[in-house]
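Right, one structure below, let's go through it.
Numbering (full-length UniProt numbering), first residue to last: 1 to 189.
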């Protein structure tokens, strides 16, 4: 993970302190929404998926190919790091596009904090992907009941893996089509 934040002399680093309350509250909301829609622990997974998708869409500075690619890279890297650290493999998942608009206010607050930290940085183009990766990972950890639950851990990893391809199909492919219309086709028909 490119953006590891740790304690120094028992004190959390500044960025982690700023993000932590937003991540804690969002994780509690994810759990509450999951309980409302479905009783099983697996019900947290589609809500987590939604939160991860919305967070990535809102945190990127603008719609550009490199930024869209950066989001996909974060999903991929977060998945690989999750699998490596949690010693699990991603579960195969398919999601139905549920919208949990009740989470949007909390996501927006987290996005504002990430953007504030990013804007204060000397290299904002390098900061937001790490903060996004950190946020996706911490949210996954916070919605787990037991960090040793390999089955649920595989579902979180599967969510991150699924997001990688899903994001391409839903956001990058249409962007590619727009660019193709503006600039001409590359592939033969």
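Note that beta-carbon positions come from the ideal geometry of N, C-alpha and C, so glycine has one too.
Here the structure is a predicted model, which is why all the values come from computation and not from measurement.
Exercise. Under three-state DSSP, which class holds residue 142?
Worked result: helix
For this session: Rounded to whole angstroms, what's the CA-CA distance from residue 101 to residue 44? Just pull it up for me.
Result: 15 Å
Exercise. Using DSSP with H/G/I as helix, E/B as strand and the rest coil, what is residue 153?
Worked result: helix
Exercise. Just to check, is the beta-carbon of residue 120 closer than 6 Å to a non-hydrogen atom of the ligand NAP?
Worked result: As presented, the structure is devoid of all ligands, the ligand NAP included, so that no description of it is given.
Problem set entry | Other residues of its chain near residue 137: CB distance less than 8 Å, five sequence neighbours each side excluded | 1, 78, 81 and 82
Problem set entry | Touching by the beta-carbon criterion (3+ pairs, under 8 Å), the segment 173 to 183 and the segment 82 to 94 | no
For this session: Write down the C-beta distance between residue 51 and residue 26 rounded to the nearest angstrom, noting that I regard them as a contact closer than 8 Å.
Result: 6 Å
For this session: Measure how close the beta-carbons of residue 117 and residue 131 come, nearest whole angstrom, since I'm counting them as under 8 Å.
Result: 6 Å
For this session: Consult DSSP for residue 179 and reduce its assignment to one of helix, strand or coil.
Result: helix
Problem set entry | 7 Å Cβ shell around residue 3 - same chain, five flanking residues per side excluded | Because the pLDDT of residue 3 is 49, which lies under 50, any placement of that residue in the model is unreliable, and the question is left without a value.
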